[in-house]
Amino acid sequence: MPVWNPSVELLDPAALRAMQLDRLRRLMTYVNERVPFYREAFRAARVTPEDMRSLDDLRRIPFTVKSDLRDNYPFGLFAVPQHDLARIHASSGTTGKPTVAGYTANDLALWGEVMARALSMAGVTPTDIVHNAYGYGLFTGGLGVHIGAERIGATVVPVSGGLTKRQVMLLEDFGATVITCTPSYALVIAEELAEQGIDVATRLELRVGIFGAEPWTETMRRELETKLGIRALNIYGLTEIIGPGVAQECEHAAGMHLFEDVFLPEIVDPESGEPLPLGEEGELVLTTLTKEAMPVVRYRTRDRTRLIPGECACGRTLVRVERIMGRTDDMLIIRGVNVFPQLIERTLLSIEDLEPQYQIVVQRAERQLDDLEIIVEGTNVLFESGAEARRASVGERVTRALNDTLGIAVSVRIAEPRSLPRSEGKAKRVIDRRDLAT
Ligand code: AMP
Ligand code: ZN
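Residue numbers (my numbering): 47 to 484.
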């Protein structure tokens, strides 16, 4: 597999650390001069670039959190005047104002660089046809993959999300070798292929899928690999940092290599904010070392993961991050028990006769006890006439498995195939009705 930028991706770790430290000091000087928010934060914490004698001193710098972005909406954290901005992207939050990110021409070049590294890591070359079904627009997914694929010199099909029948037609007619979209939308495409009776092995040229922008599990990887006849690889990123292209799995799929020459990672205890030892699971904190328009310093991503120590068989020295295990803010607390949506997904997908389509509904019952209902689609066999007993027994098996793994009682409903809503972008799996009930 080609390495896009060997001078960085294979760099000696000591040289990499020195580069990070140097860039960190420069970044602090840069934002101190240009962004009142950081000037004030550094002053209050009494920290200066000279205090950064080693990367361990990073912990002296205060965090930047989501609400800092909101408080400075829309352009308050920008470090360049508007005429230096080449592009603006935004991520639509669940409520209120979006999270905004600005890019200079150099930032776009950086994005192209990290996305070219990411796509190369997944095996994309100039001879590939990339069917890019991430949404185009303010969302960073579509244009992020686009800029990297163009940089590599691959052929890009900028199809964006939606109109699934047409996606399937174009996949076949254009002979795409690479598909990029959210894992949940990849499933929707897989369903449509199956519906039309298209044999992926003989009628499609697809070889690899690069999926991200939302959490997914190993079991989901296997589903997608089988249904689409591809290798499915994970890509990670977020608008606040750059968009997709922060980290990417190589062909060994043993964690995502993080482009730490430009995005400095830390793992902290989500409660105390204290840095955790290498290998422990916590919240990912990222610092953009070279961005111009909207650098962020110690940004708390709220994504739960860990850094994987040790070398990767691909030879890259870049640290790997484990598959994102969920967000610190999507953990549900139900009757005092911490419930992670991905654990539910993993449990559901381990049971036969179920489709990888589910919804997690939380409600506050009258007596104040929260109620967790899992709705999961069954396969067609469970809904044939005379299959009631089989359906009931699958339902019982799911209930038991979930009760065991989660440690709390849940109610389970097996829904008909294709009855739950499908998404073209990020799936909405958790429906928390508790706010409405109070
Ligand atoms: P956005 O800025 O709207 O693109 O959302 C970024 C967020 O999407 C991240 O902070 C993660 O929570 C989530 N995300 C992105 N990529 C992945 C991935 N590969 N696995 C799990 N979650 C992801
Ligand atoms: Zn690797």
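Even for Gly, the Cβ is constructed at its ideal location relative to N, Cα and C.
Keep in mind that this is a model prediction, so the values were computed, not measured.
Quick check: the region 311 to 319 against the region 275 to 291, are at least 3 beta-carbon pairs closer than 8 Å? Between the region 275 to 291 and the region 311 to 319, the count of C-beta pairs closer than 8 Å stays below three; the two stretches do not touch.
For the 8 Å Cβ check, are there 3 or more pairs between the region 343 to 351 and the region 141 to 160? no
Among the candidates Glu462, Leu324, Trp157, Glu218, whose CA atom is the shortest distance from the CA of Thr334? For this step, residue 334 is matched to residue 288 along the sequence shown. Nearest Cα to Thr334 within the set Glu462, Leu324, Trp157, Glu218: Trp157.
Give me the residue from Thr226, Pro387, Arg479 with the minimum Cα distance to Leu452. What you label residue 452 is simply residue 406 of the sequence shown in a count that begins at 1. For the residues Thr226, Pro387, Arg479, the minimum Cα distance to Leu452 belongs to Pro387.
Considering just the uninterrupted stretch of the alpha helix (DSSP H) at His192, what are its terminal residues? Reading the sequence shown from its first residue, position 146 is the one you call residue 192. Where His192 is concerned, the enclosing alpha helix (DSSP H) stretches over 186 to 198.
State the CB to CB distance for the pair Gln405 and Arg468, rounded to an integer number of angstroms; the pair is presumed to be in contact (CB under 8 Å). Translated into the one-based positions of the sequence shown, residue 405 becomes position 359. Translated into the one-based positions of the sequence shown, residue 468 becomes position 422. Wrong, their Cβ atoms sit about 12 Å apart, outside the cutoff.
Measuring alpha carbon to alpha carbon, tell me which residue in Gly382, Glu297, Glu327, Arg410 is nearest Ala359. Translated into positions along the sequence shown, residue 359 becomes position 313. Nearest of Gly382, Glu297, Glu327, Arg410 to Ala359, Cα basis: Glu297.
Secondary structure at Thr393, three-state DSSP: helix, strand or coil? Within the sequence shown, residue 393 is the residue found at index 347, counting from 1. Here Thr393 sits in helix by DSSP.
Looking at the unbroken beta strand (DSSP E) that takes in Pro18, where does it start and where does it end? This structure does not reach residue 18, given that the chain is present from 47 up to 484, and the question cannot be answered.
Please go through the same chain and pick out, in chain order, the residues whose beta-carbon is closer than 8 Å to the beta-carbon of Ala125, but skip the five residues on each side of it. Mapped onto the sequence shown, residue 125 falls at position 79. Closer than 8 Å at Cβ, skipping near neighbours: Tyr76, Val77, Arg80, Val81, Glu338, Ala339, Met340, Pro341.
Write down every uninterrupted run of the beta strand (DSSP E) in the region 49 to 131 whose length is 3 residues or greater and which is fully enclosed by it, in chain order. none
Is the CB-CB distance between Ala168 and Ile244 below 8 Å? For this step, residue 168 is matched to residue 122 along the sequence shown. For this step, residue 244 is matched to residue 198 along the sequence shown. Going by C-beta atoms, Ala168 is not nearer than 8 Å to Ile244.
Are the beta-carbon atoms of Val246 and Thr210 separated by less than 8 Å? To locate residue 246, count along the sequence shown from 1; it is residue 200. To locate residue 210, count along the sequence shown from 1; it is residue 164. Cβ atoms of Val246 and Thr210: not closer than 8 Å.
Grouping DSSP H, G and I as helix and E and B as strand, with all else coil, what is Gln242? As a position in the sequence shown, residue 242 is number 196, starting the count at 1. Per DSSP, reduced to three states, the secondary structure at Gln242 is coil, with no helix or strand assignment.
Check whether the Cβ atoms of Trp50 and Ser230 lie closer than 8 Å to each other. Indexing the sequence shown from 1 puts residue 50 at position 4. Indexing the sequence shown from 1 puts residue 230 at position 184. No; because the gap between Cβ atoms is not below 8 Å, this pair is not in contact.
Output the distance between the C-alpha atoms of Glu470 and Ala259, rounded to the nearest integer angstrom. Taking the sequence shown and counting its residues from 1, the one referred to as residue 470 is at position 424. Taking the sequence shown and counting its residues from 1, the one referred to as residue 259 is at position 213. Rounded to the nearest angstrom, the two C-alpha atoms are 12 Å apart.
Please report the Cβ distance between Glu423 and Glu401, rounded to the nearest whole angstrom; I am assuming they are in contact, meaning their Cβ atoms lie under 8 Å. Taking the first residue of the sequence shown as position 1, residue 423 is located at position 377. Taking the first residue of the sequence shown as position 1, residue 401 is located at position 355. Contact holds; Cβ gap of about 4 Å.
Going by the CB atoms, is the gap between Asp416 and Ile380 shorter than 8 Å? Position 334 of the sequence shown, counted from the start, is the residue given in the question as residue 380. Position 370 of the sequence shown, counted from the start, is the residue given in the question as residue 416. Cβ atoms of Ile380 and Asp416: closer than 8 Å.
With DSSP collapsed to three states, give me the class of Phe429. For this step, residue 429 is matched to residue 383 along the sequence shown. Of the three classes helix, strand and coil, the one that applies to Phe429 here is helix, per DSSP.
Could you spell out the range, first to last residue, of the beta strand (DSSP E) harbouring Thr173? As a first step, residue 173 is located in the sequence shown; it is residue number 127 there, counting from the start. Neither: Thr173 is in no beta strand (DSSP E) and is coded neither H nor E.
Between the region 176 to 196 and the region 65 to 76, do at least 3 Cβ pairs fall closer than 8 Å? no
Shorter than 7 Å, the distance from the beta carbon of Arg362 to the closest heavy atom of the ligand ZN, or not? As a first step, residue 362 must be located in the sequence shown, where it is residue number 316. Yes, Cβ of Arg362 sits closer than 7 Å to a heavy atom of the ligand ZN.
Met47 classed as buried or exposed, judged by whether at least 16 other C-beta atoms fall within 10 angstroms: The residue given as residue 47 occupies position 1 in the sequence shown. Classification of Met47: exposed, given that the 10 Å Cβ count is below 16.
Inter-stretch contact at 8 Å, needing at least 3 Cβ pairs: the region 93 to 111 / the region 128 to 137: Output reads no: the region 128 to 137 does not touch the region 93 to 111.
Comparing the CB of Ile390 with every heavy atom of the ligand AMP, is any distance shorter than 7 Å? Start at 1 with the first residue of the sequence shown, and residue 390 comes out as number 344. For the ligand AMP, not one heavy atom lies less than 7 Å from the Cβ of Ile390.
Just to confirm my understanding: we take Ser100, look at its own chain, exclude 5 residues before and 5 after, and list those with CB closer than 8 Å. What are they? Numbered from its first residue, the sequence shown carries residue 100 at position 54. Listed in chain order, the non-local C-beta contacts of Ser100 below 8 Å within the same chain comprise Leu67, local neighbours out to five positions each way being set aside.
Can you tell me whether Leu466 is helix, strand or coil according to DSSP? For this step, residue 466 is matched to residue 420 along the sequence shown. Looking at Leu466 - three-state DSSP - the assignment turns out to be coil, as it is neither helix nor strand.
My output table needs one value for Leu206: the three-state DSSP class, helix, strand or coil. For this step, residue 206 is matched to residue 160 along the sequence shown. Correcting the residue type first, residue 206 is Ser in the shown sequence and not Leu. DSSP places Ser206 in coil when its eight states are reduced to three.
I need the boundaries of the beta strand (DSSP E) containing Ala447, first residue and last residue. Counting from one through the sequence shown, the residue named residue 447 turns up at place 401. Segment 434 to 452 is the alpha helix (DSSP H) holding Ala447; no beta strand (DSSP E) there.
How far does the beta strand (DSSP E) with Met167 in it extend, from its first residue to its last? As a first step, residue 167 is located in the sequence shown; it is residue number 121 there, counting from the start. Met167 -> not in any beta strand (DSSP E); alpha helix (DSSP H) instead, spanning 151 to 167.
When we look at the beta-carbon of Asp450 and count the other beta-carbons within 10 Å, is it buried (16 or more) or exposed? Locating residue 450 in the sequence shown gives position 404, counting from the first residue. Exposed: under 16 other Cβ atoms inside 10 Å.
Roughly how many whole angstroms lie between the Cα atoms of Pro261 and Leu389? Your numbering for residue 261 matches position 215 in the sequence shown. Your numbering for residue 389 matches position 343 in the sequence shown. Rounded to whole angstroms, Pro261 to Leu389 spans 11 Å at the Cα level.
State yes or no: is the C-beta of Thr171 nearer than 7 Å to some heavy atom of the ligand AMP? In the sequence shown, counting from the first residue as 1, residue 171 sits at position 125. Flag unset: Cβ of Thr171 not near the ligand AMP.
Ala222, buried or exposed, once every other Cβ within 10 Å from all chains shown has been counted against 16: The residue you call residue 222 lines up with position 176 of the sequence shown. Ala222 is buried by the Cβ-count criterion.
For Thr263, verify whether its CB is less than 7 Å away from any heavy atom of the ligand AMP. Here residue 263 corresponds to residue number 217 of the sequence shown, with the count starting at 1. Flag unset: Cβ of Thr263 not near the ligand AMP.
Can you tell me whether Arg475 is helix, strand or coil according to DSSP? In the sequence shown, the residue the question calls residue 475 occupies position 429. In this structure, Arg475 counts as coil in the three-state DSSP scheme.
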